[in-house]
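The numbers in the working numbering rise by one with no breaks, and the one at position 106 of the sequence shown is 165. Structure, as C-alpha cells:
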Amino acid sequence: MIKIVLFLLLLYHDSFARDIKPAFIMQTSGLVNDFVIDDDKLYAGTNEGTVDIFSLRERKLIDQIFIKPIRSGQGEVITSKVISVDRHKGKTLIVTTAENAFRNVWLHDGENLRPIIQAKDKQVIRKARFIDEENFMFGSVGYEMSKYTLNDNYTIYKNHIEPSAFSDMELSEDKSIMITASESGIVTVSDVKSGKILKKLEGLNVDNIYKVAYKNGNIITAGQDRRVGVYPKEGKPYYIRSDFLVYTVGLSPSGKLGVYSSSQESDLQLFDVQSGKKLDKLIGHVAVPSTIRFFSEKGFFSAGYENKIFYWHLEK
C-alpha cells in the first residue's frame, strides 16, 4: 500500500513539473564571471574587460564600463578579466585580474573609474561586496576576509578563516551578516562589523563548495560532491543529491524557492527549500551555469561560461 502511495505522489509531481525555456536572452561582450541586479538594470562582468550594463525594461545593452588591459612580464598586452561586480547607490565595485596574478579593485561612480586596490598592493582578491558607500568586504583566494574603508584607505580587520581556499561570499540583506564557504565544505557565518565568527555549518558537503546563496535566514550551497546543502531558517539541515557537480545555486527573495545547476546538460532545477521537493526544470544553457540572481519571486537571471544572460519566468 505504501509503495502505491509513493508511486502516485511521484506521478502527481511529474504531471505538474514543467520544463521551462528562457523568457529572453541578452548577449554580452564576453563570458560572464559575475553579475548583479540594481533596480531595472543588470551589470555583468566579462572576460573581455567590460562591465556590460543592460536595461531590463528594454532587454538590451545600454552602456559599458571598460577596464584598461594589463601587460605581462614579457610586455604582452592582456585583457583585464572582470571577476567580481557589485552595486550600491549609483556606484559599481569591480575586481579585475592584474599583473603577476594579483588583483585590481575599482570604484566607478557613474562617470569616473578609480582604483582602490592595485597590483602593487599584492592582493589576490576573488570577490568584493559593498557594506555601504565607504566600506567593503573583500574575500581573497587564501580565505582572508577583509573589511576595508575608503575613509583612510585602511583595512579595519583581516581574518584568516581557514587554511582552505576561499570559494564564495554573500552578505545578508542588511549587510550585518556574512556567509562564506571554502574548498573544505564548511560554511562560516560571521558578523560583518566585528569580523567575529558566529557559527560554522558543516556535514552536508564533503568537498569543495563552489557557491553559496543566502536569503531571509536560509542558506544553500553548491558542491563539487554533487550535493546541494540546505540550511533552512526553520527545520533540520539536509542535502539534495544531484546527477552532476553543482556549480551554482540561487534563492528567491523570500528564501522559499531555491535553484541549482543540476546536470551535465547544464539544466537548472527549481526546488522548495522547506520540503526539498523538486519543482520545474529550466533548460536552455549550453555552457555550465555559474551565477544565479533572482529578480523577484516570479523570475531570475542566470549566466555561465558563455556570452549570454538568461531570464527565466516562473509564473504558470
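Beta carbons: idealized from backbone N, C-alpha and C, even for Gly. Remember, it's a predicted structure, so these values are computed and weren't measured experimentally.
Exercise. By Cβ distance below 7 angstroms, which residues in the same chain neighbour L338 in space, the five residues on each side in sequence not counted?
Worked result: A76, L329, F330 and D331
Problem set entry | Identity of the residue in G358, E293, D284 and N267 nearest S311 by Cα | G358
For this session: Compute the distance between the beta-carbons of P81 and Y370, then report whether it is under 8 angstroms.
Result: yes
Problem set entry | Whole runs of the alpha helix (DSSP H) within the region 290-351, excluding any shorter than 4 residues | none
Problem set entry | Of the residues E192, K252 and S235, the one placed nearest K217, counting alpha carbons only | K252
For this session: Could you round the C-beta distance between V141 and G169 to whole angstroms and report it? I think they count as a contact, below 8 angstroms.
Result: Wrong, their Cβ atoms sit about 17 angstroms apart, outside the cutoff.
For this session: Compare the beta carbon distance of T247 and I220 with 8 angstroms and say whether it is the shorter of the two.
Result: yes
Exercise. Once you ignore the five residues that flank K292 on each side, which residues in its own chain have a CB closer than 8 angstroms to its CB?
Worked result: N275, G276, N277 and G314
Exercise. Going straight from the alpha carbon of D180 to that of A157, what length do you get?
Worked result: 11 angstroms
Exercise. Can you check whether the CB of I124 is closer than 8 angstroms to the CB of T151?
Worked result: yes
Exercise. When burial is assigned at 16 or more other CB atoms within 10 Å of the CB, is K186 buried or exposed?
Worked result: Buried, since its Cβ has 16 or more Cβ neighbours within 10 Å.
Exercise. Where DSSP assigns a beta bridge to N267, which residues make up the other side?
Worked result: BP columns for N267 are empty, so no partner.
Exercise. Would you report the Cα separation of S45 and Q133, rounded to the nearest angstrom?
Worked result: Past the boundaries of the shown model lies residue 45; the chain is included only from 60 to 375, so the question cannot be answered.
For this session: Apply the 10 Å Cβ neighbour rule to L65 and answer buried if 16 or more other Cβ atoms are within range, or exposed otherwise.
Result: Summary for L65: the model assigns pLDDT 39, below 50, so the residue's position carries little reliability; its value from the coordinates is reported in the next sentence. Burial call: exposed.
Exercise. Rounded to whole angstroms, how far is the Cβ of L263 from the Cβ of G288, which I believe are closer than 8 angstroms?
Worked result: 4 angstroms
Problem set entry | Reference Q177, options N163, H167, I184 and L257, closest by Cα | Q177 has its Cα closest to that of N163, out of N163, H167, I184 and L257.
Problem set entry | Contacts around I351, its chain only, beta-carbon distance under 7 angstroms, and the 5 residues preceding and following it disregarded | Non-local beta-carbon contacts of I351 in its own chain, meaning distances under 7 angstroms to residues more than five positions away in sequence, involve T307, V308, G309, V318, F359 and S361 in chain order.
For this session: Between the Cα of N210 and those of E192, N159 and Y290, spot the shortest distance and give me the residue it belongs to.
Result: E192
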